Amino acid sequence: MTTLSFAQDRNRPTEEQQRVAKRFVHLLHEQWGIDTEKISWQSYFLRDFGADSVDISELVMALEEDFDIEIYDAEWEEITTVKSAVDLIIDKSD
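Heads up: the sequence shown at position 5 corresponds to 6 in the working numbering, and the numbers run straight through without jumps.
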């Protein structure tokens, strides 16, 4: 599995970002069949992966189950990239 390389984020420990991102990338691969080598921190769900609303809904349900969190529709509306999704997961897990 690919380990994404992230710039240091002042608000998050890099180790935590890497841990969450690794699980998230695995879910993207399982849900959408995306080659993990093509997933980057800056990947956009719609533009880069061609995700539609059904894809997104299924992904959110998988995230909620895998990370044991609840994601509200209003929260996910702001999520467009892998980085923003990882940040939301970390925030919801705190």
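Note that CB positions come from ideal geometry on N, CA and C, so glycine has one too. In this text, all values refer to a predicted model and were calculated from it rather than measured experimentally.
Might you give, ordered along the chain, the residues of its own chain that have their beta carbon closer than 8 Å to the beta carbon of residue i, omitting 5 neighbours on each side?
| i | result |
| --- | --- |
| Thr-82 | Trp-42, Gln-43, Ser-44, Tyr-45, Phe-46 |
| Ile-90 | Val-21, Phe-25, Leu-64, Phe-68, Ile-70 |
| Ile-72 | Val-61, Leu-64, Glu-65, Leu-89, Lys-93 |
| Ile-35 | Leu-29, Phe-50 |
Would DSSP call residue i helix, strand or coil?
| i | result |
| --- | --- |
| Thr-81 | coil |
| Asp-10 | Model confidence at Asp-10 stands at a pLDDT of 46, short of 50, so the residue's coordinates are unreliable; what they give is reported in the following sentence. Reduced to three states, the DSSP call for Asp-10 is strand. |
Quick one: measure Cβ to Cβ for residue i and residue j, integer angstroms, because I've assumed they're closer than 8 Å.
| i | j | result |
| --- | --- | --- |
| Asp-56 | Trp-77 | About 12 Å; that fails the 8 Å criterion. |
Quick check on residue i: buried or exposed, where buried means 16 or more other Cβ atoms within 10 Å of its Cβ?
| i | result |
| --- | --- |
| Lys-39 | exposed |
| Ala-75 | exposed |
Less than 6 Å between C-beta atoms, sequence neighbours within five positions excluded: which residues of the same chain meet that for residue i?
| i | result |
| --- | --- |
| Lys-93 | Ile-70 |
Below 7 Å CB to CB, which residues in the same chain sit around residue i once its five sequence neighbours on both sides are set aside?
| i | result |
| --- | --- |
| Val-87 | Gln-18, Val-21, Ala-22, Phe-25 |
Which residues does DSSP list as the beta-bridge partners of residue i?
| i | result |
| --- | --- |
| Tyr-45 | Thr-82 |
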